[in-house]
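Asker: Questions regarding the structure given below will be posed in turn.
There are 2 protein chains.
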Amino acid sequence: MSAASFPAPNSLLPMDRTLDVVGIGNAIVDVLIQTDDRFLEDHGLSKGTMALIDEIAAEGLYATLGPGLETSGGSAANTLAGIAQLGGKAAFIGRVRDDQLGAIFAHDIRSVGARFDTPAAASGPSTARCLILVTPDAQRTMCTYLGASVGLDPGDLDLDLVPQAKVLYLEGYLWDSEAAKQAFLAAAAAMRASGGQVALSLSDAFCVDRHRESFLELVDGHVDILFANEMEITSLYKADSFEDAAHQVRGRCQVAALTRSEQGSVLLSGDQTLLIEPFRLGPLVDTTGAGDLYAAGFLHGYTGGASLERCGRLGSLCAGQVVTQLGPRPQASLPALVAQHLD
Amino acid sequence: MSAASFPAPNSLLPMDRTLDVVGIGNAIVDVLIQTDDRFLEDHGLSKGTMALIDEIAAEGLYATLGPGLETSGGSAANTLAGIAQLGGKAAFIGRVRDDQLGAIFAHDIRSVGARFDTPAAASGPSTARCLILVTPDAQRTMCTYLGASVGLDPGDLDLDLVPQAKVLYLEGYLWDSEAAKQAFLAAAAAMRASGGQVALSLSDAFCVDRHRESFLELVDGHVDILFANEMEITSLYKADSFEDAAHQVRGRCQVAALTRSEQGSVLLSGDQTLLIEPFRLGPLVDTTGAGDLYAAGFLHGYTGGASLERCGRLGSLCAGQVVTQLGPRPQASLPALVAQHLD
Chain W
0 MSAASFPAPN SLLPMDRTLD VVGIGNAIVD VLIQTDDRFL EDHGLSKGTM
50 ALIDEIAAEG LYATLGPGLE TSGGSAANTL AGIAQLGGKA AFIGRVRDDQ
100 LGAIFAHDIR SVGARFDTPA AASGPSTARC LILVTPDAQR TMCTYLGASV
150 GLDPGDLDLD LVPQAKVLYL EGYLWDSEAA KQAFLAAAAA MRASGGQVAL
200 SLSDAFCVDR HRESFLELVD GHVDILFANE MEITSLYKAD SFEDAAHQVR
250 GRCQVAALTR SEQGSVLLSG DQTLLIEPFR LGPLVDTTGA GDLYAAGFLH
300 GYTGGASLER CGRLGSLCAG QVVTQLGPRP QASLPALVAQ HLD
Chain V
0 MSAASFPAPN SLLPMDRTLD VVGIGNAIVD VLIQTDDRFL EDHGLSKGTM
50 ALIDEIAAEG LYATLGPGLE TSGGSAANTL AGIAQLGGKA AFIGRVRDDQ
100 LGAIFAHDIR SVGARFDTPA AASGPSTARC LILVTPDAQR TMCTYLGASV
150 GLDPGDLDLD LVPQAKVLYL EGYLWDSEAA KQAFLAAAAA MRASGGQVAL
200 SLSDAFCVDR HRESFLELVD GHVDILFANE MEITSLYKAD SFEDAAHQVR
250 GRCQVAALTR SEQGSVLLSG DQTLLIEPFR LGPLVDTTGA GDLYAAGFLH
300 GYTGGASLER CGRLGSLCAG QVVTQLGPRP QASLPALVAQ HLD
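Taken in sequence, the protein lines are chains W and V. If you count the first sequence from 1, position 15 lands on 14 in numbering that gives the first Met the number 0, and the numbers rise without skipping. If you count the second sequence from 1, position 144 lands on 143 in numbering that gives the first Met the number 0, and the numbers rise without skipping.
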């Protein structure tokens, strides 16, 4: 069967909706701090991964670190902000506290044109923070205090919003909170019932390790579009190699978009395999947000009816931009970049 | 009289003190937001200057702006942090509220090794914020909500700290709050009585315009080291030209360090005139903090007994670094830069 005889997976999308993508994730403010490998070793931190810490541990760690730069973050939130920056119609669901960091988070995502209507919690833990330790090799290692974001539960969820979008996007990190996981599953069921598609990012290799059985079941039956990097997809299938993992995931969802850092990305759909080259737009500064912006570019193309190859190239371009700056939200104009490199 | 026969003004410093510089200023968190000239025009903002706004106006303006990056700021605080980053012994006096932004401010200045012991206010206005609008030409235009920082008064001031330092550093912005101004004058009197020196930054041309008589009196009788840029010094003397302003200020204090952006700086001391070349270390990104870091480099050299020329070159180098990045606190190692360019 030739590739051309497959319908493109986004040809099945309901196109007459008011939103392109609605996303659910942890609403987090990032604290970007430059450090060195020695600090990671001394604190038992595994480079390139995300560890969950409680508020006391977060404050203790923060006190030992240098000055920071604060910016809105959160994996799915970065993706939805990126889609809005590209000109797509995006909405984000996540929980902040009614504190100063929560106000910053809400401002930043709304200011790029994304909808964000989840009410801030009036009591309980403060807005989530992620200490992002950036080493001289531009890798980021994350320590997250989930705070108010774990307060998200199915009761908060505006389920009416879900069938207004073509795609529901979720971050694997939600699995670290039972209530958030339940909120996600309810949303995924609502999206599937409405005829839209569900996308999942595996988020982090350790997160995959914590929730492997649940993710395996999900990918098999409930996800149309899967985003994962090399470490995450090999962890999911306990595979010996990237090729082995790619072989195992093929056919389990409509599209698997597998990112491989400086080796670009691989798209698997039906029996098609597309290799997408990376974009190198300048010196590598900070890899924070690379996967999130890849998903943003991909989904913007996907919900706009672009070919899979163009979806991949859009993802690759957005990821290529965000790694040239400090922080996970592009400070450059993404539409201008697209016009320059892809149009 | 030849230049060589003048004693260097820092040869008069008491060198046996535990601190090099103690500074008093507004304790501010900056919100860096990229915008364009049109936005400044539409909001009646004068490029390159600082306007004071109240909390309601700050929130209204913020709501119309794009996403921001938050970082500790404040003019004198940036200078003191820079001195600490250079390896100097620095202490900062300023007032935050006991809120999340106040905690960020306190963390950042302490984390570079500066002392910061002013207790946070437990009630009243929130920590000061400055909306810094960065235009494509890298200029910054500032709208400041002074919040808790105007709560600083002589009663807060740890006057015991002042005579522990060689130099007391003050920002002109303090004149916008009567209580803070009184705190400064008390500190300046204590420093002079102890045999140390007093440094003042004029801060902003509009600030000079608001407080001209008071600044003129101060420069004549109470300041040893004056920092001003071209706009500020011409505003102070209502001069027709930089040369005219420089002529008027000569001899009124031990040293006047006059900065001229891409034209470098001019040091006036006795009948000496030293021209200091600027350092160009990369593309111009954001001029926020340029004057503050010039003062940091200069005072680090000055309190270490360096020649005036080296003081100026240290200032010029630190300013040259900070304009190549977003935000007013150097993200690069200043001692490494000094080793590379000046040693």
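Quick reminder that beta carbons are idealized off the backbone N, C-alpha and C, glycines included.
1) Can you give me the start and stop residues for the beta strand (DSSP E) that glycine 22 of chain V sits inside?
2) For the alpha helix (DSSP H) holding valine 111 of chain W, just list the boundary residues, first then last.
3) Under 7 Å between C-beta atoms, does arginine 328 of chain W make it to chain V?
4) Within 7 Å (strictly less), CB to CB, does leucine 235 of chain W reach chain V?
5) Quick one, which of V/Ala178, V/Tyr168, V/Ile32 and V/Ala83 has its alpha-carbon nearest glutamine 196 of chain V's?
6) Express the C-alpha separation of leucine 292 of chain W and phenylalanine 278 of chain W in angstroms, rounding to a whole number.
7) Looking only at C-alpha atoms, which of W/Leu313, W/Glu242 and W/Leu173 sits nearest to serine 213 of chain W?
8) Please list the terminal residues of the continuous alpha helix (DSSP H) segment that includes threonine 140 of chain W.
9) Which same chain residues end up closer than 6 Å to leucine 85 of chain W when comparing Cβ atoms and leaving out the 5 residues on each side of it in sequence?
10) Look at glutamate 69 of chain V and glutamate 69 of chain W and say whether their C-beta atoms are less than 7 Å apart.
11) Output the boundary residues of the beta strand (DSSP E) element that contains cysteine 129 of chain W.
12) DSSP beta-bridge partners for threonine 272 of chain V?
13) Cβ of valine 21 of chain V within 7 Å of Cβ of valine 161 of chain V?
14) Please compile the residues from chain W whose C-beta is within a distance smaller than 7 Å of the C-beta of proline 66 of chain V.
15) Below 8 Å on the Cβ atoms is my guess for cysteine 317 of chain W versus glycine 296 of chain W; work out the distance and round it to an integer in Å.
16) Pull up the CB-CB distance for serine 315 of chain W and glutamate 276 of chain W, whole angstroms please, since I reckon it's below 8 Å.
17) Give a yes or no on whether the minimum CB-CB distance between alanine 2 of chain V and chain W is below 7 Å.
18) Kindly indicate which three-state DSSP category leucine 325 of chain V falls into: helix, strand or coil?
19) Along chain V, which residues have their Cβ under 8 Å away from the Cβ of leucine 100 of chain W?
20) Under 7 Å between the Cβ atoms of proline 327 of chain V and glycine 47 of chain V?
21) Smallest Cα separation from leucine 64 of chain V: which of V/Leu18, V/Cys142 and V/Asp152?
22) Which of the residues in the segment 22 to 50 of chain W, read from start to end, lie with their CB under 7 Å from any CB of chain V?
23) Output, in chain order, the set of chain V residues within a Cβ distance shorter than 7 Å of tyrosine 61 of chain W.
24) Who are the neighbours of isoleucine 55 of chain V on chain W, taking C-beta pairs under 8 Å?
25) Who are the neighbours of isoleucine 131 of chain V on chain W, taking C-beta pairs under 9 Å?
26) Using a Cβ-Cβ cut-off of 6 Å (strictly less than) and excluding sequence neighbours within five positions of leucine 283 of chain V, which residues of its own chain qualify?
27) How many whole angstroms separate the CB atoms of glutamine 324 of chain V and glutamine 330 of chain W, which I take to be in contact at a CB cut-off of 8 Å?
28) Please check the pair phenylalanine 104 of chain W and threonine 78 of chain W, which I expect to be a contact at CB under 8 Å, by giving their CB distance rounded to whole angstroms.
29) By the 10 Å Cβ neighbour count, where 16 or more other Cβ atoms means buried, how is threonine 272 of chain V classified, buried or exposed?
30) Report all residues from its chain with a CB closer than 8 Å to the CB of alanine 338 of chain W; omit the five preceding and five following residues, and keep chain order.
31) Keeping to the same chain, check which residues put their C-beta closer than 6 Å to that of alanine 335 of chain V; ignore five residues upstream and five downstream.
32) Answer with buried or exposed for aspartate 175 of chain V, where buried requires no fewer than 16 other C-beta atoms within 10 angstroms of its C-beta.
33) Using the beta-carbon of each residue, which ones in chain C are nearer than 7 Å to isoleucine 82 of chain W?
34) Threonine 134 of chain W and aspartate 35 of chain W look like a contact to me (Cβ under 8 Å); what is the Cβ gap, rounded to whole Å?
35) For a minimum of 4 consecutive residues, which ranges assigned as the alpha helix (DSSP H) are wholly contained in the segment 194 to 225 of chain W?
Answerer: The structure says:
1) 18 to 23
2) Run containing valine 111 of chain W: none; DSSP gives neither H nor E here.
3) yes
4) no
5) V/Tyr168
6) 13 Å
7) W/Leu173
8) No alpha helix (DSSP H) holds threonine 140 of chain W; the beta strand (DSSP E) holding it covers 139 to 144.
9) His299 and Leu333
10) yes
11) 127 to 133
12) V/Leu267
13) yes
14) Ser71, Asp107, Ser110, Val111 and Arg328
15) 4 Å
16) 7 Å
17) Its pLDDT being 47, under 50, alanine 2 of chain V is placed unreliably by the model, and nothing is read from it.
18) coil
19) Gln99
20) no
21) V/Cys142
22) Gln33
23) His106
24) Those within 8 Å of isoleucine 55 of chain V in chain W number zero; the least Cβ separation is about 14 Å.
25) Near isoleucine 131 of chain V there are no residues of chain W at all, since even the closest Cβ is about 13 Å away, more than 9 Å.
26) Ala137 and Val322
27) Between glutamine 330 of chain W and glutamine 324 of chain V the Cβ distance is about 12 Å, and since that is not below 8 Å, they are no contact.
28) Actually they are not in contact, since the Cβ atoms of phenylalanine 104 of chain W and threonine 78 of chain W sit about 15 Å apart, beyond 8 Å.
29) exposed
30) none
31) none
32) buried
33) The question asks about chain C, but that chain is absent: this structure's protein chains are W and V.
34) 6 Å
35) 204 to 209 and 211 to 220
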